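Read the structure below first, then the notes.
Numbering (this note's numbering), first residue to last: 2 to 334.
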């Protein structure tokens with residue numbers, strides 16, 4: 002297999018796994034499976050940031066990198082507007098169903114202070130109530146804008162060579178804040194302390210060989226994350242989460258999925274390439290709808306509900322993808 006295709010397929014498969022794990026975080030299984038899978042699944046968002054960093058720059062030319070960042074900003078902003086509009090409409094429908102006075106509710110949720118919170122912390126009362134997972138998209142946009150300004154103003158700074166050091170410092174601050182003020186989630190789960198470090202690490206890993214310790218299987222670090230969760234309780238990310246992400250970025254692991262059948266690989270690559278972003282964005286809307294509409298207790302329903310949300314999210318993502326493809330074909334005619 003061509004090395005470039007092997008690399009891209011590897012990351013697409015991980016994207017498929019990561020979007021599935023995100024569903025397991027927000028639509029958890031009952032019992033012990035809940036905290037075990039949640040601890041392992043903490044790898045998902047950091048991985049999405051780091052793989053974005055890996056593919057961020059396709060050239061060493063500074064001017065072209067600025068243009069690439071401009072394209073990323075436009076694409077992310079477009080997606081954020083589309084998904085944000087969908088969740089705002091969804092929130093309005095839910096609030097109407099409980100008798101909320103919508104004009105007052107909208108003025109409260111879209112006040113200057115709430116908008117500033119969203120820009121600085123990637124979180125506010127509206128996002129926290131209905132779409133807390135979308136902080137990732139806001140953080141991604143912030144990071145691209147900051148990197149764009151950075152590239153424009155500091156053209157001589159070798160981001161690929163020294164960015165990882167900045168990333169490590171920011172990540173260390175994040176882990177310290179998480180330990181000192183765990184209740185202040187917005188202080189450390191944002192573009193600066195979680196998004197930027199992993200993007201910078203992804204940029205570095207694409208250009209440089211990682212230390213030998215990251216040759217250990219990613220599964221080893223995921224197990225270590227579970228052990229950390231057992232020892233220290235719930236965290237946004239664990240130290241082993243960071244090491245697991247670095248393990249994924251190790252080129253020595255690009256053949257990790259060689260045992261899979263070609264049919265399974267093809268399905269997972271399709272999910273990772275075409276569906277993973279939509280699954281991430283819309284699964285919480287589906288989960289919330291099920292919570293409102295179906296009132297069943299018990300562990301059996303808890304397990305079924307998680308898989309139902311995953312299945313419906315995949316189905317919606319596939320429908321959106323096919324609609325986009327058909328629209329594109331019509332535009333070409």
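Ideal placement from N, C-alpha and C gives every residue a C-beta, glycine not left out.
In this text, all values refer to a predicted model and were calculated from it rather than measured experimentally.
Exercise. Taking the alpha-carbon positions, what's the residue 80 to residue 104 distance?
Worked result: Their Cα atoms are separated by approximately 26 angstroms.
Exercise. Do you know how far the Cα of residue 32 is from the Cα of residue 283?
Worked result: Here the alpha carbons of residue 32 and residue 283 stand approximately 25 angstroms from one another.
Exercise. Would the stretch 65 to 78 and the stretch 152 to 165 be scored as touching if the rule is three or more Cβ pairs under 8 angstroms?
Worked result: In short, these stretches touch, since the Cβ pair count reaches three.
Exercise. Three-state secondary structure (DSSP) at residue 179?
Worked result: The answer is helix: DSSP assigns residue 179 an H, G or I state.
Exercise. Using the beta-carbon count (16 or more within 10 Å), is residue 157 buried or exposed?
Worked result: Label assigned to residue 157: exposed.
For this session: Compute the beta-carbon to beta-carbon distance between residue 312 and residue 15, rounded to the nearest angstrom, for a pair I have assumed lies under 8 angstroms.
Result: That belief does not hold up - the Cβ atoms of residue 312 and residue 15 are roughly 20 angstroms apart, past 8 angstroms.
For this session: Take every Cβ of the stretch 212 to 221, pair it with every Cβ of the stretch 181 to 194, and state whether three or more of those distances are shorter than 8 angstroms.
Result: The stretch 212 to 221 and the stretch 181 to 194 do not touch, with fewer than 3 CB-CB distances between them shorter than 8 angstroms.
Exercise. With residue 47 and residue 199 assumed to form a contact (beta carbons below 8 angstroms), what rounded beta-carbon distance in angstroms separates them?
Worked result: That pair is a contact at about 5 angstroms.
Exercise. Between residue 106 and residue 305, what straight-line distance do the alpha-carbon atoms span, to the nearest angstrom?
Worked result: Between residue 106 and residue 305, the C-alpha separation is close to 34 angstroms.
Problem set entry | Between the CA atoms of residue 160 and residue 120 - distance to the nearest angstrom | Going by the C-alpha atoms only, they are around 24 angstroms apart.
Exercise. Can you give the Cα-Cα distance for residue 230 and residue 95, rounded to whole angstroms?
Worked result: Each residue's alpha carbon lies about 34 angstroms from the other.
Exercise. When DSSP labels each residue in this structure, what does residue 261 get in the three-state scheme?
Worked result: Residue 261 falls in the coil class under three-state DSSP.
Exercise. Based on Cα-Cα distance, which residue from 118, 100 and 214 lies nearest to residue 252?
Worked result: Scanning 118, 100 and 214 for the CA closest to the CA of residue 252 turns up 214.
Exercise. Excluding sequence positions up to five away, which residues of its chain have a Cβ less than 7 angstroms from the Cβ of residue 165?
Worked result: The beta carbon of residue 165 lies closer than 7 angstroms to those of 201, 202 and 205 in the same chain, with the five residues before and after it left out.
For this session: Following the continuous alpha helix (DSSP H) through residue 281, name the residue where it begins and the one where it ends.
Result: For residue 281, the uninterrupted alpha helix (DSSP H) segment begins and ends at 277 to 294.
Exercise. My guess is that residue 404 and residue 281 are in contact by the Cβ rule of under 8 angstroms, so how many angstroms apart are they, rounded?
Worked result: In the structure as shown, the chain begins at 2 and stops at 334. Residue 404 is therefore absent and cannot be evaluated.
Problem set entry | Assigned exposure category for residue 135 - 16 Cβ within 10 Å defines buried | Residue 135 comes out buried.
Problem set entry | Test item: CB-CB of residue 241 and residue 228 under 9 angstroms | A contact, by the Cβ cut-off of 9 angstroms.
Problem set entry | Expected contact under 8 angstroms - CB spacing of residue 145 and residue 77 to nearest Å | A Cβ-Cβ distance of about 6 angstroms is found for the pair residue 145 and residue 77, placing them in contact under the 8 angstroms criterion.
For this session: In the DSSP assignment, find the unbroken alpha helix (DSSP H) run with residue 89 in it and report its ends.
Result: For residue 89, the enclosing alpha helix (DSSP H) starts and ends at 63 to 98.
Exercise. Within the chosen definition, does the stretch 256 to 274 reach the stretch 50 to 64 through at least 3 CB pairs nearer than 8 angstroms?
Worked result: Here the stretch 256 to 274 does not lie against the stretch 50 to 64, with fewer than 3 beta-carbon pairs under 8 angstroms apart.
Exercise. Is the Cβ-Cβ distance between residue 141 and residue 53 less than 9 angstroms?
Worked result: Cβ atoms of residue 141 and residue 53: closer than 9 angstroms.
Exercise. Quick one: is residue 39 buried, meaning 16 or more other Cβ sit within 10 Å of its Cβ, or exposed?
Worked result: Flag for residue 39 reads buried.
Problem set entry | Span of the alpha helix (DSSP H) around residue 47 | Boundaries of the alpha helix (DSSP H) harbouring residue 47: 45 to 55, taken from the DSSP string.
Problem set entry | Buried/exposed call for residue 43, threshold 16 Cβ in 10 Å | By the 10 Å Cβ count, residue 43 comes out buried.
Problem set entry | Cβ distance (whole Å) where residue 255 is taken to contact residue 11 below 8 angstroms | With 8 angstroms as the limit, residue 255 and residue 11 qualify as a contact, their Cβ atoms being about 5 angstroms apart.
Exercise. Which same chain residues, not among the five before or five after residue 84, have their C-beta less than 6 angstroms away from its C-beta?
Worked result: Result list for residue 84: 282, in chain order.
Exercise. Beta carbon of residue 299, beta carbon of residue 29: below 9 angstroms?
Worked result: It is not a contact, given that the beta carbons lie outside the stated cut-off.
Problem set entry | Buried versus exposed call for residue 331 [16 or more other C-beta atoms within 10 Å across all chains shown] | So residue 331 ends up on the exposed side.
Exercise. By the 10 Å Cβ neighbour count, where 16 or more other Cβ atoms means buried, how is residue 235 classified, buried or exposed?
Worked result: When all chains shown are included, residue 235 counts as exposed.
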